[in-house]
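In my numbering, the protein residues as written are 22 to 158.
Here the structure comes first, spelled out in structure tokens, and everything after it is commentary.
The following block contains the structure:
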């Protein structure tokens, strides 16, 4: 027999799985620290690649003046400045990534709590139906 409550709960669970559930299920597979460290690692790699690419583009654009007008001391000073700004950019980028990953993880945990509650309700309904069938037999 079809029960309206069970259908509503199943529908809510299916909608969650279809829409936002995939991402929440993926995120909550990890421990919190693992998810955040994975996000920080991805951010660090992408920031490093972007910085290297930007630096290479700047060097190519200014290649003539770097080779003709700059001394070795000037080039070392430019390298030190580049490393300083890389550190500043990396630090701020990682801080932002840390906050974003932590918020995403907590949000996914909160959404999964409701989803798991719906699944527990369904399990309880199925167990009650099974017990009722056994009593009737």
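Heads up, the beta-carbon is just placed ideally off N, CA and C, and yes, glycines get one too.
Note that the coordinates shown come from a computational prediction; the quantities given were computed from them, not determined experimentally.
Query, Result
"Rounded to whole angstroms, what is the Cα-Cα separation between residue 49 and residue 42?", "10 Å"
"Rounded to whole angstroms, how far is the Cβ of residue 110 from the Cβ of residue 68, which I believe are closer than 8 Å?", "7 Å"
"What is the DSSP secondary structure of residue 194, reduced to helix, strand or coil?", "Past the boundaries of the shown model lies residue 194; the chain is included only from 22 to 158, so the question cannot be answered."
"Indicate whether the contact test is met: 3 or more Cβ pairs, each with one atom in the segment 53 to 61 and one in the segment 118 to 132, closer than 8 Å.", "yes"
"According to the Cβ coordinates, are residue 45 and residue 141 closer than 7 Å?", "no"
"Here's the rule I'm using: 16 or more other beta-carbon atoms within 10 Å means buried, otherwise exposed. How should residue 82 be labelled?", "exposed"
"Name the residue from 36, 56, 34 whose alpha carbon lies nearest to the alpha carbon of residue 121.", "56"
"Under 7 Å, do residue 36 and residue 139 count as touching if we go by C-beta distance?", "no"
"Can you list, in chain order, the residues of its chain whose CB lies under 8 Å from that of residue 75, leaving out five sequence neighbours each side?", "none"
"CA-CA distance, residue 64 and residue 54?", "15 Å"
"Once you ignore the five residues that flank residue 70 on each side, which residues in its own chain have a CB closer than 6 Å to its CB?", "none"
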